[in-house]
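See below for the structure under consideration.
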Amino acid sequence: MSETTSRFLPGTFTPDPRPASRTTMLTAQTGLELKLLLRNGEQLLLTMFIPITLLIGLSLLPFGDLGEHRVDRIVPMVMMTAVMSTAFTGQAIAVGFDRRYGALKRLGATPLPRWGVIAGKCAAVLIVVVLQAILLGAIGVALGWRPGIGGLALGALVIALGTATFAAMGLLLGGTLKAEVVLALANILWFIMLGIASLVLVGDTLPTALTVIARLIPSGALAFALDTALTGSVDWFGVAVLAAWGVVCGWLATRLFRFH
């Protein structure tokens with residue numbers, strides 16, 4: 001009997017039971033989360049259509065006394081809204097219902113660690129926020145917004161920090177409460193924080209105490225910090241507030257996050 005020759009090189013089907021590297025796991029999880037975000041119609045409504053509508057409407061309609069170049073005040077406000085919608089509200093609701101339908105429970109049975117799930121979701125949200133910022137910035141330029149290069153660089157750093165903070169808050173909310181509670185609470189908090197952040201538009205006419213209280217809330221801190229950053233300055237108070245919220249909520253999320 002003639003010897004059978006193999007068409008495959010030796011070792012092609014040799015078992016290799018080693019776990020994937022952290023980079024590989026994070027990349028795969030980020031890609032999966034990004035696809036889920038971009039395929040969700042409700043997410044696109046929160047992340048794209050509402051911010052774009054607000055930017056165009058508030059810039060063109062004679063709403064409030066925002067000065068001659070009103071778009072300069074509107075752009076940071078709308079970008080803050082986009083970050084909050086994507087990283088907090090959308091993230092919290094998606095995680096809450098993933099838990100309800102058992103998707104995260106199955107994911108928790110894989111070798112992917114808890115930090116990998118959280119980091120993958122945060123990375124996907126950050127990518128979406130970058131796309132938002134580019135799109136909203138382009139529309140703002142078309143409406144007459146003319147930021148400096150230094151302001152854009154500082155603004156990008158503030159947006160990254162704000163995204164991490166709101167993502168941690170969204171994961172904490174969505175990863176600990178029931179889906180129905182998350183749905184109601186996330187939307188209520190969105191409206192409350194949007195109202196607080198809108199004080200940045202009239203911050204010059206508010207009492208000092210009320211302004212400080214608004215800046216202690218994540219949305220107010222991000223709105224003030226981003227508005228300041230786009231002018232080429234740094235609001236260290238707002239940066240510290242965002243960092244504090246992010247660290248506390250991130251730590252709680254990694255400790256309390258549940259897959260079911």
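Counted the way UniProt numbering counts, the sequence shown spans residues 1 to 260.
Cβ atoms here follow ideal geometry from the backbone N, Cα and C, with glycine treated the same way.
None of the values given here were measured: they were computed from a predicted structure.
Delimiting residues of the alpha helix (DSSP H) encompassing residue i
| i | result |
| --- | --- |
| Arg39 | 22-39 |
| Arg73 | 71-83 |
| Ala87 | Counting along the chain, Ala87 falls outside any alpha helix (DSSP H), and DSSP gives it neither H nor E. |
| Asp235 | No alpha helix (DSSP H) contains Asp235, which DSSP labels as neither H nor E. |
| Arg59 | In the sequence under discussion, the amino acid at residue 59 is Ser, which differs from the Arg named in the question. Taken as a continuous stretch (DSSP letters only), the alpha helix (DSSP H) holding Ser59 covers 50-60. |
| Arg7 | Element bounds for Arg7: n/a, residue is neither H nor E. |
| Gly120 | 114-142 |
| Arg18 | First-last for Arg18: undefined, no H or E at that position. |
| Phe166 | 149-174 |
| Pro218 | 218-229 |
| Leu185 | 179-197 |
CB contact flag (residue i, residue j, <9 Å)
| i | j | result |
| --- | --- | --- |
| Gly162 | Leu222 | yes |
| Val179 | Gly102 | In the sequence on display, residue 179 carries Ala and not Val. Not in contact: Ala179 and Gly102 (Cβ atoms no closer than 9 Å). |
| Val234 | Trp145 | no |
| Leu210 | Leu199 | yes |
| Met79 | Ile159 | yes |
| Trp245 | Pro207 | no |
| Arg114 | Thr24 | no |
| Gly220 | Ala184 | no |
| Leu37 | Thr53 | no |
| Ile139 | Leu26 | no |
| Ala124 | Val182 | no |
Nearest-angstrom Cα separation, counted from residue j out to residue i
| i | j | result |
| --- | --- | --- |
| Arg215 | Leu34 | 31 Å |
| Arg106 | Phe13 | 28 Å |
| Met1 | Gly31 | Note that Met1 has pLDDT 45, beneath the 50 cutoff, so the model's placement of it is unreliable and no number is given. |
| Arg22 | Ala119 | 11 Å |
| Gly150 | Val141 | 16 Å |
| Ala186 | Leu172 | 11 Å |
| His260 | Leu177 | 10 Å |
| Gly90 | Pro62 | 30 Å |
| Phe111 | Ser59 | The question names Phe, but residue 111 in the sequence shown is Pro. Going by the C-alpha atoms only, they are around 49 Å apart. |
| Leu152 | Leu230 | 6 Å |
| Gly155 | Leu242 | 14 Å |
| Thr81 | Arg18 | 43 Å |
| Lys121 | Gln132 | 17 Å |
| Phe224 | Leu256 | 30 Å |
| Phe8 | Leu189 | 59 Å |
| Val212 | Ala240 | 13 Å |
| Ala28 | Leu157 | 25 Å |
Whole-Å CB distance - residue i paired with residue j, under 8 Å assumed
| i | j | result |
| --- | --- | --- |
| Pro51 | Leu136 | 6 Å |
| Gly232 | Gly116 | At roughly 38 Å, the Cβ-Cβ gap does not stay under 8 Å, so Gly232 and Gly116 are not in contact. |
| Arg258 | Arg99 | 7 Å |
**Report entry** At least three beta-carbon pairs within less than 8 Å, the region 116-128 to the region 86-105
**Finding:** The region 116-128, when compared against the region 86-105, does touch it at the 8 Å Cβ threshold.
Query raised in the report: Is it true that the region 148-167 meets the region 230-249, where meeting means three or more beta-carbon pairs spaced less than 8 Å apart?
Result: Counting Cβ pairs under 8 Å, three or more are found: they touch.
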